[in-house]
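Just so you know, the protein sequences line up as chains Z, E and C, in that order. Going by this note's numbering, the first sequence opens with residue 68, and the numbers climb by one from there. Going by this note's numbering, the second sequence opens with residue 21, and the numbers climb by one from there. Going by this note's numbering, the third sequence opens with residue 63, and the numbers climb by one from there. Glycine included, each C-beta is placed from N, C-alpha and C at the ideal position. This one's a predicted model, so the numbers in the text were calculated from it and none came from an experiment. Structure, as structure tokens:
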Amino acid sequence: MELYTFEFKAMGSPCELRLYSNEKAFAQEIADEAIVEVHRLEKKYSRYRDDSVTSEINNSAGNKNGIGVDAETALLLNYAQVGYEQSDGLFDISSGILRKAWDFRSQKLPSQNDIDALLPLIGWDKIRWKAPHICLPVEGMELDFGGYVKEYAADVAANVCRNANIQGGLVNLGGDICIIGPHPNGDAWKVGIRHPRNPSVPMSFVMLEKGGLASSGDYERFMIIDGVRYAHILNPKTGWPVNSLASTSVYAEQCVVAGTSSTIAMLKGERAGIAWLEELGLPYISMNQQQKIFGTLKRIKDISQV
Amino acid sequence: MKNIFYIILISIVASACTTVNPWERGILAKTEMAWEPDPLMGQLQEHVYFSKEGSNGGYGAGGGGCGCN
Amino acid sequence: MGKKSSSISPALAALTSAAMALPGISSNVKAAVAANEPKLSLAYTRYDEDSIPSNDALSTAGDRDRYDIDVAQIQFLYPLSDKWQITTGFVYDDMSGSSPWFIQPTDTLTATGDPLVVMSGATIDDTRYDFSIGAEYFGEKFTIAPSIGYSTEKDYKAISGALEVEYEFPSKATSLRGGIAVSFDEIDPTQEPGEIRVNNEDKENYAIFGGVTQVINKHTILQTTLGISYFDGFLSDPYKQVWLPTGNLPDSRPGDRTQYTFATRLRRYSELLAAALHVDYRFYYDDWNVRSHTLDLGLHKVTDSGWAFDTSIRYYTQTQADFYEPFYRAPRADGEYSSDYRLSPYGSVSLRLGLSETIGDWTVKLAAERYISDKSYSVQSVDVENPALLDFTQFTFGVDYSF
């Protein structure tokens, strides 16, 4: 049994696939299959490609009959709906157009007018989703799957490997981890959790034999203006950034659930976010703006002990 | 008659039996691509042709009886 | 510490359940799922057969007007879950008019001349009620669809059942389908004073089919089906007779009939036309020696604005049954006789147009069809055309509502 590592780029991030196999050619074959799946999802839901499902849906905005979507997209939309419902409307895949007001490289804040122009086009409650038809009633409305398709792709890639009988390994898509299986000797994988203010020293370690770990932080896209940090954790109802935690990492059996959970916690702001994570019951670790650490994973490093 | 059929069949198949990925099935899932886009109309037509012509059957079975001996 | 007792939070349960449904996570990409919402479909059709042309009918006989039928269809589709759906249907059919009784030569003394239709004097006014109920189960690899139906009219009752199964290969490009159907019918012809008609006869049908569906590419899908259907019992038309120089005899067909069908159909999407091309072909053969070809070419277009349009042309050609004659000059040793145009050699062409508009949950449809039969449409040359060949016009108005 050898450990093979495959590095690749996808979803705008450096990615890697590590898997154990007796045969290099087989490992390569399965890795290729898994990577193809990641790229397929990337292309299918890319905002930048004209032939993506996202573009097809967004181009249909304003058409009152909407368009039909395929089974996979339908189930992803169902998932987005659950996310919206479970987060009091904060997890909203129609909020992507806020990028038109917020340019984090510009060092300039948007005006309230800029935001007000976009708010009427945002709101999952305005969208009519009745499988298999999705209707974005007003032209200019957009859907963005970017908030969870990466974690979903991690789950899919791990599943491809497991279905091929790979029993040990992990998928790492830009920091979102999905475990294929433990090391051949049964040992768990040691996964570091990034410190939001100090990228070179992990905040904590987690030992994972299975499941997924996903993180969300205010360090991903932000600008500091007059000493105030404005991060890309935008409340879809106001259009403005949330007073969020600095970072959250959540463990769940599915990476996509871990990802959505950490995103929702960040969107709820510090107090409501922590309360929500406690209620959710999944192992998590969060750091607030004052660098105080919360969560089950701060003391217990081995998930199996939680 | 049969030649036209073969020509159509071969030209379609010749445009390659490619693997269709799940996300590419959007076109195949369109209503107009269904075997029967309007089931009620289809049932009526089948009933009319089966009662008023000498042949019956084709794509399935069932559809019940009819006093059209 | 975070973890509550052993119960899972509702939020986590909801997210996990939605995640588990995603394809690739639980390795179940179902291509077909039950409909998401209930749907009610209604349609009214007016069907009018052309009258027999005067030079084709015996002028001293009954009315040359043939059938006019009003049909009302109701169908209700109800999804019970994402795996199960139920469809219930009801058809109400009201027919009135005359139908061909027998065919005689122009000159009955010498049994020569063009055949002429003799229409039955009595006009029929009958109502048919048809009830059906079917279920569909959408599994990971299998789809199973059982159904039953009951049809009743003054002189006829039938009960039928069918079971259809489809299996999808893991590649998802190919699926196999098959099914069986049975039907048990009872015929109780209306008696006419002075005429001897059969009383209370039975008919049974057993059919089986099997086929393959293949996705050719992202624009094209092809399906081929083979079927066998066996009829046993009273297969003659109790209201028809045949002409012999010695006097009429009742329409008398063999007591069984085995039919074979080979059908293939294609759906191909044209990006250029933004429409689907439909090509359907069926070859039919039975042990009465009737052979037919059916070719149906259609174009179906659905626009983004909610309008949908379809047009098709159907071409049909059939050969005659062994024992068929327009009229008989001598009795047959096997005692089999029929002058029914449906067992004669002929061809037909039918043109259809349909238009529908969908606004929100409502769809309104209009359709029209014109069907014309003639010996010249037959692939093989026909010596004597049956004078009772059918032409009809049909108009349909329908409404669908999704809940």
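Give the straight-line distance between the Cα atoms of residue i and residue j, rounded to the nearest whole angstrom.
i, j, result
"Z/E337", "Z/I352", "13 Å"
"Z/Q321", "C/M82", "8 Å"
"Z/L364", "Z/S316", "9 Å"
"Z/D159", "C/T356", "53 Å"
"Z/I182", "Z/G306", "6 Å"
"E/N76", "E/Y69", "8 Å"
"C/A75", "C/Q321", "55 Å"
"C/S103", "C/R126", "35 Å"
"C/V200", "Z/D118", "Reading off the sequence, residue 200 of chain C comes out as Phe, not Val. Spanning the two alpha carbons is a distance of roughly 30 Å."
"Z/I233", "Z/Y87", "7 Å"
"C/K101", "C/E419", "16 Å"
"C/P72", "C/F271", "47 Å"
"C/R344", "C/S291", "15 Å"
"C/G241", "Z/Y71", "49 Å"
"Z/V136", "E/K50", "9 Å"
"C/A97", "C/Y346", "33 Å"
"Z/N355", "Z/S178", "27 Å"
"C/D468", "C/A134", "It is not possible to answer for residue 468 of chain C, since the shown part of chain C is limited to 63 through 465."
"Z/L334", "Z/E74", "31 Å"
"Z/Q358", "Z/A313", "8 Å"
"C/P449", "C/P300", "20 Å"
"Z/P263", "Z/M270", "8 Å"
"C/S237", "C/L284", "11 Å"
"C/A93", "C/T149", "With a pLDDT of 48 at C/A93, under the threshold of 50, the modelled position of that residue is not reliable, and no figure is offered here."
"C/G409", "C/Y433", "11 Å"
"C/L361", "C/Q380", "25 Å"
"E/W43", "C/G86", "Its pLDDT being 41, under 50, E/W43 is placed unreliably in this model, and the value from its coordinates should be taken loosely. Cα to Cα, E/W43 sits roughly 13 Å from C/G86."
"C/W305", "C/S401", "8 Å"
"C/I195", "C/F152", "9 Å"
"C/T323", "C/D348", "9 Å"
"C/S332", "C/I258", "58 Å"
Starting from residue i, trace the alpha helix (DSSP H) in both directions and tell me its first and last residue.
i, result
"Z/A225", "216–230"
"Z/M333", "322–334"
"Z/W256", "Where Z/W256 is concerned, there is no enclosing alpha helix (DSSP H), although the beta strand (DSSP E) it sits in stretches over 256–262."
"E/L70", "For clarity, residue 70 of chain E is Phe in the given sequence; the question names Leu instead. Per DSSP, E/F70 belongs to the alpha helix (DSSP H) from 59–72."
"C/S291", "Per DSSP, C/S291 belongs to no alpha helix (DSSP H); it is in the beta strand (DSSP E), 282–295."
"C/L335", "No alpha helix (DSSP H) contains C/L335, which DSSP labels as neither H nor E."
"C/L77", "72–82"
Could you give the residue range of the beta strand (DSSP E) that holds residue i?
i, result
"C/R328", "It should be noted that the sequence gives Leu, not Arg, for residue 328 of chain C. Counting along the chain, the beta strand (DSSP E) containing C/L328 begins and ends at 318–332."
"C/G360", "353–364"
"C/F200", "186–200"
"E/T51", "Where E/T51 is concerned, there is no enclosing beta strand (DSSP E), given that its DSSP letter is neither H nor E."
"C/L470", "Outside the modelled stretch of chain C, which goes from 63 to 465, sits residue 470 of chain C, for which no answer is possible."
"Z/V247", "Residue 247 of chain Z is actually Ile in this sequence, not Val. First-last of the beta strand (DSSP E) with Z/I247: 243–248."
"Z/G279", "279–284"
"Z/E345", "It is not in any beta strand (DSSP E) - Z/E345 instead sits in the alpha helix (DSSP H) that spans 337–347."
"C/L178", "174–181"
"Z/S353", "351–354"
"Z/G213", "Looking at the DSSP string, Z/G213 is not in any beta strand (DSSP E), and its letter there is neither H nor E."
To the nearest whole angstrom, what separates the beta carbons of residue i and residue j, a pair I think is in contact under 8 Å?
i, j, result
"C/P307", "C/R394", "Between C/R394 and C/P307 the Cβ distance is about 13 Å, and since that is not below 8 Å, they are no contact."
"C/L84", "Z/L347", "That belief does not hold up - the Cβ atoms of C/L84 and Z/L347 are roughly 19 Å apart, past 8 Å."
"Z/F361", "Z/I341", "5 Å"
"C/L417", "C/L428", "5 Å"
"C/D130", "C/S160", "The Cβ separation is near 10 Å, so there is no contact."
"Z/S154", "Z/G190", "Rounded, the Cβ-Cβ distance is 13 Å, inconsistent with contact."
"C/H340", "C/L359", "7 Å"
"C/T287", "E/G78", "7 Å"
"C/A243", "C/S222", "7 Å"
Can we count residue i as close to the ligand GTP, meaning its CB is less than 8 Å from some heavy atom?
i, result
"Z/G279", "What this structure holds is no ligand at all, so the ligand GTP is not there to describe."
Item to check | Given 8 Å, three or more beta-carbon pairs between the segment 199–207 of chain Z and the segment 216–226 of chain Z | outcome: Output reads no: the segment 216–226 of chain Z does not touch the segment 199–207 of chain Z.
Item to check | At least three beta-carbon pairs within less than 8 Å, the segment 192–206 of chain C to the segment 166–177 of chain C | outcome: Contact fails: fewer than three Cβ-Cβ distances are below 8 Å.
Next on the checklist: Could you tell me which whole beta strand (DSSP E) segments of length 3 or greater appear in the segment 228–269 of chain C?
Outcome noted: Secondary structure within the segment 228–269 of chain C: the beta strand (DSSP E) runs of 3 or more consecutive residues, fully enclosed, are 236–249 (chain order).
Checklist entry - Three or more C-beta pairs closer than 8 Å, one from the segment 271–280 of chain Z and one from the segment 241–248 of chain Z: is that the case here? => result When Cβ pairs closer than 8 Å are counted between the two stretches, the segment 271–280 of chain Z is seen to touch the segment 241–248 of chain Z, the count reaching three or more.
Next on the checklist: Under 8 Å, with one C-beta from each stretch per pair, do the segment 319–328 of chain C and the segment 276–288 of chain C reach the 3-pair mark?
Outcome noted: Contact holds: three or more Cβ-Cβ distances are below 8 Å.
Next on the checklist: Closer than 8 Å is the cut-off here; do at least three beta carbon pairs connect the segment 242–249 of chain C with the segment 258–266 of chain C?
Outcome noted: Touching, yes, given that three or more Cβ pairs across the two stretches are closer than 8 Å.
Checklist entry - Counting Cβ pairs closer than 8 Å, one from the segment 77–90 of chain Z and one from the segment 227–239 of chain Z, do we hit at least three? => result When C-beta atoms of the segment 77–90 of chain Z are compared with those of the segment 227–239 of chain Z, three or more pairs fall below 8 Å, so the two segments count as touching.
Checklist entry - Would you say the segment 184–200 of chain C touches the segment 209–226 of chain C, given that touching needs at least three Cβ pairs under 8 Å? => result The segment 184–200 of chain C is in contact with the segment 209–226 of chain C.
Item to check | Start-end ranges of the alpha helix (DSSP H) lying completely within the segment 96–178 of chain Z, minimum 4 residues | outcome: Listed in chain order, the complete alpha helix (DSSP H) runs (minimum 4 residues) inside the segment 96–178 of chain Z are 120–126, 138–153.
Checklist entry - Would you call the segment 370–378 of chain C and the segment 395–407 of chain C in contact, with 3 or more CB pairs under 8 Å? => result No: fewer than three Cβ pairs fall under 8 Å.
Item to check | Contact the segment 442–461 of chain C vs the segment 107–123 of chain C: 3+ CB pairs below 8 Å | outcome: Under the Cβ criterion (8 Å, minimum of three pairs), the segment 442–461 of chain C counts as touching the segment 107–123 of chain C.
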